[in-house]
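Student:
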Amino acid sequence: MSGKEFTVTGAYAYDHRSPVRWVWSHVMRYPWLPVAFVVTVIGMAALQSWSAVLVGNAFDAVVGGITLEQLTRLALIILGVRIAFGIIDLANSFVVQLLAQLTERNTREELYISLLGKSLTFHNRQRTGDIMARATNDVQQINSMINPGISLILESLVSLTVPLIAITTIHPQLLFMPVLFLVSFAWALRRYNNQLKPVAGALRQQFGVVNAGLAETVSGIEVVKGYAQEPAEERKFSANARRYRDLFVREGGVQARYLPLLLYGVMLGLAFGHALLLWRTGEISIGQIIGYMGLLEVLRFPTFISLFTFSLVQLGIAGAERMLATITTKTELDENAGGYSAPIQGEIRFENVSFGYDAVAAQRTSGSANPPAPVLRNISFTARPGETIAIVGQTGAGKTTLTRLVNRIYDATEGRVLIDGVDVREWNLDALRSQISTIEQDIFLFSRTIAENIAFGAAGNATREEIEWAARQAQAHDFILSFPDGYDTIIGERGMTLSGGQRQRIAIARAFLTNPRILILDDSTSAIDSATEDQIQRAMRRILTGRTTLLITHRISQIRWADRILVLKNGELVAQGTHDELLDTSEAYRRIFLRYDAGHTAPVAIRGRRQEGV
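For the sequence shown, the working numbering gives the first residue as 178, with consecutive numbering after it.
1. Applying the criterion that 16 or more other CB atoms from any shown protein chain within 10 Å of the CB defines a buried residue, is G672 buried or exposed?
2. Just reading off the alpha helix (DSSP H) that K576 is part of, what are its end residues?
3. How would you label D315, buried or exposed, when you count the other beta carbons within 10 angstroms and need 16 or more for buried?
4. Please return the same chain residues whose Cβ sits closer than 6 Å to the Cβ of K295, not counting the five positions on each side in sequence.
5. From which residue to which residue does the alpha helix (DSSP H) around L334 run?
6. Helix, strand or coil, according to DSSP, for K181 in the structure here?
7. Can you tell me which residues form a DSSP beta bridge with G570?
8. Put V599 into one of helix, strand or coil per three-state DSSP.
9. Just the C-alpha distance for E428 and P551, rounded to the nearest angstrom, thanks.
10. Assuming L329 and I482 form a contact by the criterion Cβ under 8 Å, report the distance between their Cβ atoms to the nearest whole angstrom.
11. From this set, E629, P562, R649, T730, which residue's C-alpha is nearest G598's C-alpha?
12. Contact criterion: CB-CB distance below 9 Å. Does I616 meet it with respect to chain C?
13. Helix, strand or coil for N638? Go by DSSP, reduced to three states.
14. Reducing DSSP to helix, strand and coil, say where N529 ends up.
15. Is it true that the region 555-575 meets the region 601-621, where meeting means three or more beta-carbon pairs spaced less than 8 Å apart?
16. Starting from the C-beta of Y191, find all residues in its chain whose C-beta is less than 7 Å away, skip the five residues before and the five after it, and write them out in chain order.
17. With three or more beta-carbon pairs closer than 8 Å as the criterion, would you say the region 521-537 touches the region 218-238?
18. With a 10 Å radius around its C-beta and 16 neighbouring C-beta atoms as the bar for buried, classify I342 as buried or exposed.
19. Does the region 209-221 touch the region 424-443, meaning 3 or more C-beta pairs lie closer than 8 Å?
20. Here's a check: name, in chain order, each residue in its chain whose Cβ is nearer than 6 Å to the Cβ of S518, leaving out the five neighbours to either side.
21. Along the chain, where does the beta strand (DSSP E) that runs through F558 open and close?
22. Specify, as a first and last residue, the run of the alpha helix (DSSP H) that D757 falls within.
23. Pull up the DSSP beta-bridge partners for Y517, would you.
24. Do you know whose CA, among P355, P408, T626, F362, lies nearest L447's CA?
25. Quick one: residues in its chain with C-beta nearer than 6 Å to the C-beta of F236, no 5 flanking neighbours on either side, listed in chain order?
26. So who's on the other strand from I697, going by DSSP bridges?
27. Under the three-state reduction of DSSP, which class applies to T505: helix, strand or coil?
28. Whole angstroms is fine: what's the gap from R420's alpha carbon to K181's?
29. Can you have a look at R194 and say buried or exposed, based on whether 16 or more other CB atoms are within 10 angstroms of its CB?
30. Taking 8 Å as the cut-off, is the CB of G592 close to at least one heavy atom of the ligand HEM?
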């Protein structure tokens, strides 16, 4: 069991044991890039140190007397060294930039695929803004951690090592001050990182909070404006942004107490004094002092850049930790890639099915013997192929939850749900869901063209003729052509540029196009006027011939033509039968039916097919 609803065949296997190992496994996916980077860094450091030594030699040569030809040759050598340094520097920049961009792309791709594989229960617990922060800003932090973060740290390590080797060629005693500095530098750097790590983690967490709050407010802007809550939302956002700012101030405070630069300055003065003492004793020349000080200047770069590179690394690790936590979170459903796969005939059978949100998780984590009360309890019924089953009940009775057990959006806590006699948990998830279409009451459309939205369920492979056929069946063709760009009209996010009825008709067309064997309609015509609904119902009766349909509705006209009706009350199936049978035998159904009738202004006769005003 993979604990995922979706995986990519042949996907690269990354190391998930820790954030550092995870990032490292991404980097080592292209091993030649880090190798090329290290080689170019060593080459750059060697050439830079050689250049400093050559300058010192040139000074001694000038003082000691040198011909113009010899001076020219020495100058050309130094020029060649610097040109070679520049060329290798260009190659180094290209390699590290490529590595950082590839790592960012792959980490974002892995996170996105992971999110596609999470169950709906997982997504219901997440704040969209926080997930977006992980998929965007946290991924960018990993890019910055590699370049310039880790790349400059590795350059610094080499820049600290190669000059020391060059110094030994001048005089071994000159190593004393640089080595003493390196020991104190390592201590100060460790202290700096220990202070920076918790601040960096808090910064990434708070960014997610700020982003989540912003996304929620923008998504719910109609509610905010409808209740005139702009001032309250502004105060909430300001408080979150203020906490984010305060963490940046704390980070600045840690950086302000950065000791290595002070230690470098002290070392530079002491090292120069030490070199002068050696010169006075005749052990080194003035040119060697100049070369020595040039080599010590090379140490200044790694000392300075460690101020912000380790901050980038800490932020990158914090971002990686947040992303990895999302990727490694196991969900309760599995795609069952090797499971049962066959054309669905349409029989649905519930056998003593109970379900509760997170009931199993609550018992596992708390050890409680009293898990949350189930939403559904001991549900049993059978829908034969081609039947239309209406599901009615009060709000919160569990109607939608029941239908979501059919296509394994959720799995039953107890009992079994069977399709064609096979437990849905034994089906290959893709084979199961590809033959079941659901039209929700809360329609979601993508910010794409109308044609792309209709063809979405067909994986974009539908022809324009097939798309138009589905739109005609859903009574959407005429209003689509009324737009200037017709089927190529780009609708706004979530289809907000369309009316509720238009969105529902596009969703119905999308379901028609997939040619499902099982169709689930969750109050899917609630935003459609009666005349349009009648047209759609006639089309649906033709299209749904031979297909099993689960119909959640409050419209009496739809309830009446169902083959069978299930009556839910407080999560239990209290009655089932035809409309007339239930009127005779079920008090709960009579109450529900009369309540639905009360919403109509015209009188209603509840017997037979004489219903008026519907």
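Cβ coordinates follow ideal geometry from the N, Cα and C atoms, glycine included.
Tutor: Straight from the coordinates:
1. Within the sequence shown, the letter at position 495 stands for residue 672. Result: buried.
2. One-based indexing of the sequence shown puts residue 576 at position 399. Note, K576: alpha helix (DSSP H), 576-581.
3. Reading the sequence shown from its first residue, position 138 is the one you call residue 315. Burial call: buried.
4. Translated into the one-based positions of the sequence shown, residue 295 becomes position 118. Answer for K295: T508, listed in chain order.
5. Locating residue 334 in the sequence shown gives position 157, counting from the first residue. Run containing L334: 328-347, per the alpha helix (DSSP H) assignment.
6. Taking the sequence shown and counting its residues from 1, the one referred to as residue 181 is at position 4. The answer is coil: DSSP assigns K181 none of H, G, I, E or B.
7. For this step, residue 570 is matched to residue 393 along the sequence shown. Bridge partners of G570: L745.
8. In the sequence shown, the residue the question calls residue 599 occupies position 422. Strand at V599.
9. Numbered from its first residue, the sequence shown carries residue 428 at position 251. Numbered from its first residue, the sequence shown carries residue 551 at position 374. When rounded, the distance between both Cα atoms is 47 Å.
10. Taking the sequence shown and counting its residues from 1, the one referred to as residue 329 is at position 152. Taking the sequence shown and counting its residues from 1, the one referred to as residue 482 is at position 305. Confirmed, Cβ separation roughly 5 Å.
11. In the sequence shown, counting from the first residue as 1, residue 598 sits at position 421. Taking only the C-alpha atoms, the option nearest G598 is P562.
12. Going by chain labels, chain C is absent from the structure shown, which holds only one protein chain.
13. Numbered from 1 along the sequence shown, position 461 holds the residue referred to as residue 638. Residue state, collapsed to three classes: coil.
14. For the purposes of this step, residue 529 is identified with residue 352 of the sequence shown, where counting begins at 1. Strand.
15. no
16. Residue numbering aside, residue 191 sits at position 14 when the sequence shown is read from its first letter. Taken in chain order, the residues that qualify are W199, S202, H203, E287.
17. no
18. Within the sequence shown, residue 342 is the residue found at index 165, counting from 1. Burial call: exposed.
19. no
20. Within the sequence shown, numbered from 1, the residue matching residue 518 stands at position 341. Answer for S518: N605, A608, listed in chain order.
21. Translated into the one-based positions of the sequence shown, residue 558 becomes position 381. Unbroken beta strand (DSSP E) run through F558: 553-560.
22. Numbered from 1 along the sequence shown, position 580 holds the residue referred to as residue 757. Segment 756-762, the alpha helix (DSSP H) holding D757.
23. Mapped onto the sequence shown, residue 517 falls at position 340. Answer is W604.
24. As a first step, residue 447 must be located in the sequence shown, where it is residue number 270. Closest by alpha carbon: P355.
25. Looking up residue 236 in the sequence shown gives position 59. Hits under 6 Å: G464, I467.
26. Numbered from 1 along the sequence shown, position 520 holds the residue referred to as residue 697. DSSP, once it has assigned bridges, lists T615, L727 as partnering I697.
27. Start at 1 with the first residue of the sequence shown, and residue 505 comes out as number 328. Note: T505 maps to helix in three-state DSSP.
28. Working through the sequence shown from its first residue, we reach residue 420 at position 243. Working through the sequence shown from its first residue, we reach residue 181 at position 4. Each residue's alpha carbon lies about 36 Å from the other.
29. The residue labelled residue 194 in the question sits at position 17 within the sequence shown. It is exposed - the Cβ of R194 has fewer than 16 other Cβ atoms within 10 Å.
30. No copy of the ligand HEM occurs in the structure displayed, which carries no ligand at all.
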